[in-house]
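Asks: Chains as they are written, first to last, in my numbering: chain R, 1 to 344; chain C, 345 to 1037; chain S, 1038 to 1204; chain Y, 1205 to 1304. Beta carbons: idealized from backbone N, C-alpha and C, even for Gly. After the structure tokens below, expect a handful of questions from me.
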Amino acid sequence: MDIALLIEWSVKIGIVFFILMTALAYIVLLERRLLGFIQMRLGPNRVGPFGLLQPLADGIKFFFKEEIIPHEADRALYILAPMVALIPALTTVAVIPFGESVTVSLWGYTREIGLYITKVDVSLLVVFALTSMGIYGIVLAGWSSNNKYSLMGGLRSSAQMISYELAMSLAVVGVVVFSGSLDLTQIVKEQMNTWGGIIPKWNILTQPIGFLLFLIAAIAETNRVPFDLPEAETELVAGFHTEYSSMKFAIFFIAEYANMVTASSMATLLFLGGWHGPFVKELPLLGPIYFTLKVLFFLVLYIWLRGTLPRFRYDQLMKFGWKFMIPVAIANVVLVAGLALLLF
Amino acid sequence: MLRVIVFAPLLGAIILGLFGKRLSERIIALIACSSIAVSTIAAFAAFAKLLAQQPDSAGVRRISDTLFTWIQVGAFRADFAFMLDPLSGVMILFVTGVGLLIHIFATAYMSGEDSYYRFFTYLNLFMFMMITLVLADNYLMMFVGWEGVGLCSYLLIGYYFLRDYANDAAKKAFIVNRIGDFGFALGVMLIFYHFNTISFIDKTGIASVFTLAANKPIEDLASTALFAGGLTTIAILLFIGATGKSAQIPLYVWLPDAMAGPTPVSALIHAATMVTAGVYMIVRSNMIFGKAPMALTIVAVVGALTAFFAATIGIAQWNIKKVLAYSTVSQLGYMFLACGAGAFGPAFFHVVTHAFFKALLFLGSGSVIHAMHHNEDMRTMGGLSKYLKITFATMGAGTLAIAGFPLLSGFFSKDEILWKVRSSTVLPGSLGTILWLLGLLTAAITAIYMTRMMVITFFGEERFRNAHHDDHGHSGHDDHKAHDDKHGHDSHGGHGGNPHESPLAMTIPLIVLAILSVVGGFMGVPEGLAEKFLPHSLHHYTHSFYAFLQPVISVPVIAGNGGEALAKDHGAELVSTILSSIVALVAIGIGYLVFRGKPLMQMPAFLENKYFIDEIYDAVIVNPLKAISTTGLWKFVDVVIIDGSVNGLAKLVNLTGSGLRYLQPGITRLYAAFIFGGAVFVIGWFFYVVVNR
Amino acid sequence: MEQAFFLVLAVLSVGAALSVVIQRSPLYSAFSLIGLFACLAALYVSLQAQFLGAIQIIVYAGAIMVLFIFVIMLLNIRKDAQVLDKHRYLWVLGVPFGLVLAIEVLYTLSKVAKVSIDKPAIGDSQSIGYGLYTTYLMPFELTSILILLAIVGSVILARRDDEKEEN
Amino acid sequence: MVPLSWYLALSAVLFTIGAVGVFVKRNVISIFMCIELMLNAVNLTLIAFSSYYREISGQLFVFIVMTVAAAEAGVGLALVIAVFRNRQSLDADDANLLKL
């Protein structure tokens, strides 16, 4: 356990955490602005230039709001819930690689630094594990705040999670089969190969069905429109976080957006070749940039969908999940397996 | 080849049994007869092949056909195989031939019966079993056929299963046969115990029973030998089996009752074929018998006595079929007498001739019964000769044959038997002579009662005109209904109108059989006659029967009485021949004169009632058995002990259950606790073991 | 270091297990159980079984327990029914039994040979997949069939009767 | 290096706790969870052995145990729901139709 490694880790963690947090904050802003444009209105643009300071203002507001804990609520769980929601969401980032390794030389030290926080050879599984843990926050919140809307929200989200997790994993199986590894870095590396040196072997090209399935499932997993039943304003007031106020509420928000980021980056890594792009080989530092752009694309997609699509009805959601997604996913697995047999 | 002979009837039986119900009588008859015809033709072909075959070193010709090894346990091996040697060859010929004729006869005789198909199914099945018995190449196969024919005879005797007497007769036949079969089975087991094989013929790895038996010493003539468990015991056990199947004293009682079956059945099963199975079996095992003089003696005595008793009974019967039944018994007695005298060849010769004329006689009586609308009582017949000309002629021939009229088949065979008995080389002391005299007497009686039957039936006043049916209901009435509406012109039997000759289908077999029983004897002319009267060139043919059987039949010679010398003495033989023919002629004359006068002459009651044998059996065996079974076995053993124990067990279980029930309080968690405790205990036990090891 | 790690996890998991049993509200037991699973997953990882560690979380914590909690919330069971437990004696029965069993098992395990095999540790997804599709193919397929049956069975069981009357 | 026996001891304790829980708890779902607890204890043993004996089979067993557990949970919970529908209660003591 040499000191340099410790330093490297702490530095990496610090940077990533900082970037993530600010990103989250600004994604909120981005969403509000975009929705504004979609709905023919200006989003928040008063605070700072283009309202760039809006997130800061929101943060301050959340901090200073009064904190209300319902009397009949189950206190312990009520307080626990936001943490449970947030921790897995943030932890996930630890295993997400955003680039190859770069060599930095500092005061004569030259050091090879991998552009990821930790490296697990089953990182894909770890991501799934953590995301699947994320649901508990919602469930706890729904249960503990002792409110039928919240309970309904919790119920819905748990059911929804189970249903769509299956489809998601099945969609990913295709990718795993192709790249023959559960390690995200490895998966990306596999996608760096090209046909004839031009067309990259991104999985989106080899298995578009899998990609679509994954995308839909991911949106459902993150409880976003059109799958945002757990917090359906019109039916359940605000679903699981009806009773939550001030910072706790903010935490739920952050968790949700963190999940979005995770999902987007997963989509990127699994299907869009991660940090792969022109000249990456020559200039590794381009990797993170490409990566960020791709992730951003997905985030915009999220917001776009929210702006355009209506919400599912609960039974429709279930029907869609069980009777369409999963069968198609299974079929896709079979197809991909056959393809794999043909190609390799 | 042989399997065709065997399985054609089975095929017919199966087809008829499965589909017969829907088929018309014509089709059924066609199927039945054709299946038998096939096997008959096959039989003749096989026989021809056998004749063409070159005898091997031992002078034996044989065709054998092995389907598969049926049972193989240790040393025990029973092949599912058939074997055709001269003995079974001759047997199969007349079995299939006579069987075919009788089938043809039956098609007409049985027509109009309901469940016509059932009759022919059984009949074909019987043929299958009989042929299996004959062609068997080991004792087990033979036993299969043996039991099979028993079953079929049971089925056919009980053919009119709506009639009590038919059922009773069937049961009687079956049970009595059981006793015999028991003996036979024991005999076979004992054979295996002694020789480690049950095969008739030498096969690779298996020496036949007979070759082994041939090397054994001749056992001494003493009653102790019976229970010594040696060859004598085997022979006696086999003989017991034979007495059952071939109706000898003391087991003959079933055969007369067996006449409850339709007449063709009586002809086929209870005269021509099945009942001779016993004789066939003994002739087949002549090697064994040849080594057991005690057994031979017993066989001879029993045979002679049976012949005599049956004949005397037969003389007093009024039912035409009963007369024939008893004559059958008595003729079988002759055969056994011959076997006992060591004259297996003549015995078998008599089997053949007897098959001819007895089948003829039965079929003739069937034709008569048919004409009399199924009335079997001779007292209501008479004077039929001018109505049933063919029947009369053929039956007459048959009668003369059985009565031993010179130069007819019966004459040759019976005379040969008598002479062989007279000059027996095995019977001790003067027993041969005594039995010979008894045989002569029986021959006379036979001639008398056969003549009586003919006279009462065919001559004299026509009693059937004022006769009315069913006065004689004790047995033997075939089914009326169908026939009455067939012969619509006199639905109440004989009143008005004349009896008329039977259709061709019935008369042709009669004629064929008549011819056979007239000329059939010439293939086995006794040596004495041949020496005296026939040109030497013909001996080959006149003696063909014995010559043919020679390889498979040994004539045991047991020194100690003057038999050998006498056997050579053709003069003496001629004398006895003349004597017996004189006896026959005289007896026929007596019979004619006596009964022409008063046909309904009353016979001694004890004869008419068969010496009260049935009653005696009832009193001595049946009723005690019944009593024991009811009081002892049923009332005590079954009810008290068996039921008691079973019910007691049930009660015990019941009590235990209702006790253990309290361990089931219905508290799920308590069950879990039980499981848990069990686990703890088991692991603890393991420790205990581990620690103590 | 490792030992401390193990001890911490061990204490945590035992605590969680106890609370599973002791908690009166099923939901609390459920969450303690999830905690236990997390600890176990960590232990698996410390045993170089990363794959199973991840699976443990995904299957148990992520799926099975979610199912449990879903049912609990669906039936909205706040606490055990307040009626008096008619079978308190089961506690009396259970604790000593438990102690005995624990002692026994520990004793048995103490008999286990101290092993030290110097081969590289295994437990990566590759080796597991290999084993699963070669040696243990049959059981694997059987489990898949079992799961199919389970799906059908649970659908049949959980459907309402009135649905049955409908069709 | 943690000795094998530690893992085994831990799993033994867990198993016992689960076993006791099975018949101490009244709520069917809790009982269920105790069963899962026992299963996991066994899994721990298997994995410990497998990693100490460098033998993959143990982990495969665990894998299969997990699948079976999943199936079991599905069916079991369906049963629980059915029971609850019939007799508005999850108390194991109320499911006593077998009692005399």
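What do you get for Glu1240 (chain Y), buried or exposed, if any count of 16 or more other CB atoms within 10 angstroms of its CB means buried?
Replies: By the 10 Å Cβ count, Glu1240 (chain Y) comes out buried.
Asks: Out of curiosity, what's the CA-to-CA distance linking Phe1253 (chain Y) and Gly321 (chain R)?
Replies: 40 Å
Asks: Suppose the cutoff is 7 Å on Cβ atoms and the five residues either side in sequence are ignored; what does the same chain contact list for Val439 (chain C) look like?
Replies: Met474, Ile475, Val478, Thr617
Asks: Please state if the CB of Ala615 (chain C) and the CB of Ala703 (chain C) are separated by a distance shorter than 9 Å.
Replies: Taking 9 Å as the Cβ cut-off, Ala703 (chain C) and Ala615 (chain C) qualify as a contacting pair.
Asks: Counting only beta-carbon atoms, is Val1045 (chain S) nearer than 9 Å to chain Y?
Replies: no
Asks: With a 10 Å radius around its C-beta and 16 neighbouring C-beta atoms as the bar for buried, classify Tyr955 (chain C) as buried or exposed.
Replies: exposed
Asks: For Val1246 (chain Y), would you say it is in contact with chain S, using Cβ-to-Cβ distances shorter than 9 Å as the test?
Replies: No Cβ of chain S is located within less than 9 Å of the beta carbon of Val1246 (chain Y).
Asks: Using DSSP with H/G/I as helix, E/B as strand and the rest coil, what is Val104 (chain R)?
Replies: strand
Asks: For Val1217 (chain Y), which residues in chain C fall below 7 Å Cβ to Cβ?
Replies: Those do not exist, as Val1217 (chain Y) stays about 15 Å from chain C at its closest Cβ, beyond 7 Å.
Asks: Within 9 Å of any Cβ in chain S, is that where the Cβ of Val1033 (chain C) sits?
Replies: The beta carbon of Val1033 (chain C) sits no closer than 9 Å to any beta carbon of chain S.
Asks: Evaluate Tyr503 (chain C) with the Cβ neighbour count: other Cβ atoms within 10 Å of its Cβ, from every protein chain shown; 16 or more gives buried, anything less gives exposed.
Replies: Buried, since its Cβ has 16 or more Cβ neighbours within 10 Å.
Asks: For the alpha helix (DSSP H) that contains Arg111 (chain R), what are its first and last residues?
Replies: In the DSSP annotation of this structure, Arg111 (chain R) is not part of any alpha helix (DSSP H); the continuous beta strand (DSSP E) holding it starts and ends at 109-114.
Asks: Could you tell me whether any Cβ in chain Y is nearer than 9 Å to the Cβ of Ile1188 (chain S)?
Replies: yes
Asks: According to DSSP, is Lys825 (chain C) part of a helix, a strand, or is it coil?
Replies: Because the pLDDT at Lys825 (chain C) is just 41, under 50, the model does not fix this residue reliably, and the point stays unresolved.
Asks: Pair every Cβ in the region 686-700 of chain C with every Cβ in the region 750-761 of chain C, then say whether three or more of these pairs are closer than 8 Å.
Replies: yes
Asks: Please decide whether Gly1099 (chain S) counts as near chain B, where near means a Cβ-Cβ distance under 9 Å.
Replies: Protein chains R, C, S and Y are contained in the structure displayed, whereas chain B is not.
Asks: Have a look at Pro489 (chain C) and Tyr678 (chain C) and give me their C-alpha separation to the nearest angstrom.
Replies: Per the sequence shown, residue 489 (chain C) should be read as Gly rather than Pro. So the alpha carbons of these two residues sit roughly 24 Å apart.
Asks: Please state the DSSP three-state secondary structure of Thr1220 (chain Y).
Replies: helix
Asks: Assign Asp721 (chain C) to one of three DSSP states: helix, strand, or coil.
Replies: Asp721 (chain C): strand per DSSP, three-state reduction.
Asks: I'd like to confirm the pairing. Which residues does DSSP put opposite Lys547 (chain C) in its beta bridges?
Replies: C:Ile550
Asks: Are the CB atoms of Met638 (chain C) and Ala569 (chain C) nearer to each other than 9 Å?
Replies: It is a contact, given that the beta carbons lie within the stated cut-off.
Asks: Excluding the 5 residues flanking Pro70 (chain R) on each side, which residues of the same chain have their C-beta closer than 8 Å to its C-beta?
Replies: Tyr78, Ser145, Asn146, Asn147, Glu243
Asks: Distance, Cα to Cα, Gln1263 (chain Y) vs Ile1165 (chain S)?
Replies: Their Cα atoms are separated by approximately 7 Å.
Asks: Give the single residue among Y:Val1217, Y:Gly1278, Y:Phe1236 whose Cα lies nearest to the Cα of Phe1029 (chain S).
Replies: As shown, chain S starts at 1038 and ends at 1204. That puts residue 1029 (chain S) outside it, with no answer to give.
Asks: For a contact defined as C-beta to C-beta under 9 Å, what are the partners of Val1226 (chain Y) on chain C?
Replies: Within chain C, the residues near Val1226 (chain Y) are Arg1013, Ala1016, Ala1017, Ile1019, Phe1020.
Asks: Under the rule that 16 or more other beta-carbon atoms within 10 Å means buried, what is Ala1266 (chain S), buried or exposed?
Replies: Chain S is shown only over 1038 to 1204; residue 1266 (chain S) falls outside these bounds and no answer can be derived.
Asks: Report back the beta-carbon spacing between Ala255 (chain R) and Met325 (chain R) to the nearest angstrom; my notes put them in contact at under 8 Å.
Replies: Not confirmed; about 24 Å, so no contact.
Asks: Is the distance from the Cβ of Thr790 (chain C) to the Cβ of Ser674 (chain C) below 9 Å?
Replies: Contact: yes.
Asks: Which residue's Cα is closest to the Cα of Arg807 (chain C): C:Glu720, C:Val623, C:Lys970?
Replies: C:Glu720
Asks: May I ask you to report which of helix, strand or coil DSSP gives Arg46 (chain R)?
Replies: coil
Asks: Quick check on Val336 (chain R): does DSSP put it in helix, strand or coil?
Replies: helix
Asks: At the level of alpha carbons, what is the spacing between Arg405 (chain C) and Ser898 (chain C)?
Replies: 15 Å
Asks: Taking only three categories from DSSP, how would you classify Met486 (chain C)?
Replies: helix
Asks: Is Ser1162 (chain S) close to chain R, meaning its C-beta is less than 9 Å from at least one C-beta of that chain?
Replies: yes
Asks: Kindly indicate if chain R contains any beta-carbon less than 9 Å away from that of Val1129 (chain S).
Replies: no
Asks: Answer with yes or no whether the minimum CB distance from Ser1209 (chain Y) to chain C is below 9 Å.
Replies: no
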